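Novice: What the sequence shown shows, in this note's numbering, is residues 27 to 333, in sequence order.
Just dropping this structure here.
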Amino acid sequence: MADAVLAGAEGVLLDISGVLYDSGGDGGGVPIPGSREAVKKIKASGLKLQFCTNETQATRDKFVKKLQHLGFDITVNEVTAPAPAVCRILKERKLRPHLLVHDDLILEFADIDKTNPNCVVIGDAADNFSYKNLNDAFQILINLENPVLLSLGRGRYYKETDGLKLDVGAYMKALEYACDIQAEVVGKPAKMFFQSALTEMGIEPHQAIMIGDDIVNDVGGAQQCGMRAVQVRTGKYRLTCTSPPTSSAFPSPSHLTFFLLMLAGQVFRSALETASPSGEFAGGSLGQLSRGPAVSSVGTGIAPNPC
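Below, the structure is given as C-alpha cells:
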C-alpha cells in the first residue's frame with residue numbers, strides 16, 4: 027500500500043512556513059529541526075522540487091534572502107508565491123487595486139496602476155489590519171458596482187515562534203460578510219496556484235506530492251488538484267485538526283527528513299506494510315499522509331474541518 031502511495035512520484039512541493047521554519051523572533055525565524063537537511067536530501071535524490079507558499083509579509087526576493095540566511099538551499103525561481111501571481115491577474119484584467127497588505131510587500135506592486143481602485147487585494151497585513159484599514163477596504167468594495175476582492179491565500183492562522191497568529195483568511199471573511207461577496211483566492215488552496223507550480227516543475231499532478239502543515243490549504247488544495255499530500259506534525263499542526271473521516275490515512279514523518287528518505291526508497295519500506303484494515307498505519311511519532319482524490323472526497327471531507 028505504501029508503494030502505491032509513492033509510486034510515480036517525480037516531484038515534491040514544499041510549504042515553507044511551519045514546514046521548513048517558524049517565522050518571528052529577532053532573526054526573522056527559526057528553522058525546524060531537520061528541515062535544512064531535508065531540502066538538501068530531496069535535491070540530491072533527483073526529485074524535482076518547488077517551494078509553494080502563501081507568504082505575503084515580504085517580497086519574494088526578500089523572503090528568499092531570509093531563508094538563505096537561515097541556511098536553506100533555495101532560489102527565487104524555485105518559489106511559487108501569491109504576490110507575483112496576483113500581479114499577473116491585475117494586469118490581464120486591467121484591475122487597479124487598493125492594497126491591504128504588509129508594508130514589506132508593497133514593492134511587488136511597484137508597476138501596477140493603483141489610481142482610482144476598482145478592486146481590493148488583501149494579504150497577510152499583520153499590524154496593518156487596523157479598523158481604519160479594514161474599513162477603507164470595505165468602503166471601496168461596497169461602492170463598486172461589481173466588487174472584486176482578491177485574497178492572497180485564505181489561511182485561518184499560522185505559527186510563529188511565540189505562538190499562533192491570525193492569518194489573512196479571518197480578515198478576508200470579514201470583508202466577504204460585510205460586502206456580501208465571495209473573494210477570489212490567489213494562493214493555496216486555489217487549483218490554479220498549484221497548477222502554476224506544477225507547470226514550473228514540468229510534471230503532472232499525479233506525479234507530485236505536496237508537503238505542508240495545513241490540512242485544508244496544503245493537503246486539501248493539493249488533493250483537489252489531483253496530487254497526493256502529506257501533513258507534517260510541525261507548524262500549525264494540531265492533533266484535533268487531522269484529516270476528515272472520508273480520507274484514507276498513511277504515515278508522514280514527524281520531521282521532513284524521514285519522509286524524503288522514504289520517498290527516495292531508502293528507509294523502512296517494510297515497516298509500512300503493516301497497515302490496519304482501515305487503511306491507517308500504526309505510527310507513534312509518525313504523522314499522516316493522505317491519498318489523493320481517487321480515495322478521498324476533499325470537497326465534502328475537508329470543508330467542515332474547524333481548524
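Don't be surprised by glycine CBs; every beta carbon is placed ideally from N, CA and C.
These numbers were taken from a predicted model, which means no experiment stands behind them.
1. Would you call S264 buried or exposed, if buried means 16 or more other Cβ atoms sit within 10 Å of its Cβ?
2. Starting from the Cα of Q257, find the closest Cα among Q250, G246 and R182 and give me that residue.
3. So is I58 buried or exposed if we call it buried at 16+ other beta carbons inside 10 Å?
4. Buried or exposed: where does Q76 fall if 16 or more other Cβ atoms within 10 Å of its Cβ makes it buried?
5. Tell whether a beta-carbon distance below 8 Å holds between H124 and A163.
6. So the candidates are I132, Y184, L96 and A234; which of them puts its Cα closest to the Cα of D52?
7. Give me, in chain order, the residues of the same chain whose beta-carbon lies closer than 7 Å to that of E226; leave out the 5 immediate sequence neighbours on both sides.
8. With a threshold of 8 Å, are at least 3 pairs of Cβ atoms found where one atom belongs to the segment 206–214 and the other to the segment 178–188?
9. Straight-line CA distance for L170 to Y157?
10. Determine the extent of the alpha helix (DSSP H) in which M236 is found, giving its start and end residues.
11. Can you tell which of L175, F98, A136 and G55 has its C-alpha closest to the C-alpha of A64?
12. Measure the C-alpha to C-alpha separation of K217 and P143 and round it to an integer number of angstroms.
13. Is L131 closer than 8 Å to A109 when the C-beta atoms are compared?
14. Using a Cβ-Cβ cutoff of less than 7 Å, which residues in the same chain neighbour V56 once the five nearest sequence positions on both sides are dropped?
15. Since I believe A223 is in contact with L39 (beta carbons under 8 Å), could you give me their beta-carbon distance rounded to a whole number of angstroms?
16. Measuring straight from C-alpha to C-alpha, what distance separates M198 and I148?
17. Rounded to whole angstroms, how far is the Cβ of I237 from the Cβ of V45, which I believe are closer than 8 Å?
18. Since G189 is in the beta strand (DSSP E), which residue starts that stretch and which ends it?
19. Beta-carbon within less than 6 Å of P330's beta-carbon, same chain only, minus the 5 sequence neighbours each way: which residues are those?
20. I want to know whether the segment 113–127 touches the segment 65–72 - three or more CB-CB distances under 8 Å.
21. Residues in its own chain within less than 8 Å of D335 by CB, not counting five upstream and five downstream?
22. Excluding sequence positions up to five away, which residues of its chain have a Cβ less than 6 Å from the Cβ of G291?
23. For the putative contact between G261 and S43, defined by C-beta atoms under 8 Å, what is the C-beta separation to the nearest angstrom?
24. Hey, how far is the Cα of P231 from the Cα of L160?
Specialist: If we stick to the structure as given:
1. Mapped onto the sequence shown, residue 264 falls at position 238. It should be pointed out that residue 264 corresponds to Arg in this sequence rather than to Ser. By the 10 Å Cβ count, R264 comes out exposed.
2. Stepping through the sequence shown from its first residue, residue 257 is reached at position 231. When each option's Cα is compared against that of Q257, the closest is G246.
3. Your numbering for residue 58 matches position 32 in the sequence shown. Counting Cβ neighbours within 10 Å, I58 comes out buried, since at least 16 surround it.
4. In the sequence shown, counting from the first residue as 1, residue 76 sits at position 50. Burial call: buried.
5. What you label residue 124 is simply residue 98 of the sequence shown in a count that begins at 1. What you label residue 163 is simply residue 137 of the sequence shown in a count that begins at 1. In contact: H124 and A163 (Cβ atoms closer than 8 Å).
6. Taking the sequence shown and counting its residues from 1, one reaches residue 52 at position 26. Taking only the C-alpha atoms, the option nearest D52 is L96.
7. Within the sequence shown, numbered from 1, the residue matching residue 226 stands at position 200. Result list for E226: Q76 and T106, in chain order.
8. yes
9. Here residue 170 is taken as the residue at index 144 of the sequence shown, counted from 1. Here residue 157 is taken as the residue at index 131 of the sequence shown, counted from 1. Going from the Cα of L170 to the Cα of Y157 covers about 20 Å.
10. Within the sequence shown, residue 236 is the residue found at index 210, counting from 1. Not the alpha helix (DSSP H): M236 falls in the beta strand (DSSP E), residues A234 to G238.
11. For this step, residue 64 is matched to residue 38 along the sequence shown. Cα-wise, what sits closest to A64 is F98.
12. In the sequence shown, the residue the question calls residue 217 occupies position 191. In the sequence shown, the residue the question calls residue 143 occupies position 117. About 27 Å.
13. Position 83 of the sequence shown, counted from the start, is the residue given in the question as residue 109. Position 105 of the sequence shown, counted from the start, is the residue given in the question as residue 131. Yes.
14. On the sequence shown, residue 56 is found 30 positions in, with the first residue counted as 1. Y47, D48 and T187.
15. Working through the sequence shown from its first residue, we reach residue 39 at position 13. Working through the sequence shown from its first residue, we reach residue 223 at position 197. That pair is a contact at about 6 Å.
16. One-based indexing of the sequence shown puts residue 198 at position 172. One-based indexing of the sequence shown puts residue 148 at position 122. One C-alpha to the other measures close to 7 Å.
17. Here residue 237 corresponds to residue number 211 of the sequence shown, with the count starting at 1. Here residue 45 corresponds to residue number 19 of the sequence shown, with the count starting at 1. Right, the Cβ-Cβ distance comes to about 6 Å (below 8 Å), so this counts as a contact.
18. Translated into the one-based positions of the sequence shown, residue 189 becomes position 163. G189 to L192 is the span of the beta strand (DSSP E), which, as asked, contains G189.
19. Residue 330 sits at position 304 when you count from the first residue of the sequence shown. Reliability fails at P330, whose pLDDT of 33 lies under 50, so the model's placement of it is uncertain and no value is given.
20. no
21. Only positions 27 to 333 of the chain appear in this structure, which leaves residue 335 out of reach.
22. By one-based count along the sequence shown, residue 291 stands at place 265. Residue confidence is low: G291 scores 49 on pLDDT, short of 50, so the model does not pin down where it sits. No coordinate-derived value is stated.
23. Residue mapping note: residue 261 aligns to position 235 of the sequence shown, counting from 1. Residue mapping note: residue 43 aligns to position 17 of the sequence shown, counting from 1. Yes, G261 and S43 are in contact; Cβ-Cβ is about 7 Å, under 8 Å.
24. As a working note, residue 231 is residue 205 in the sequence shown. As a working note, residue 160 is residue 134 in the sequence shown. So the two alpha carbons sit approximately 37 Å from each other.
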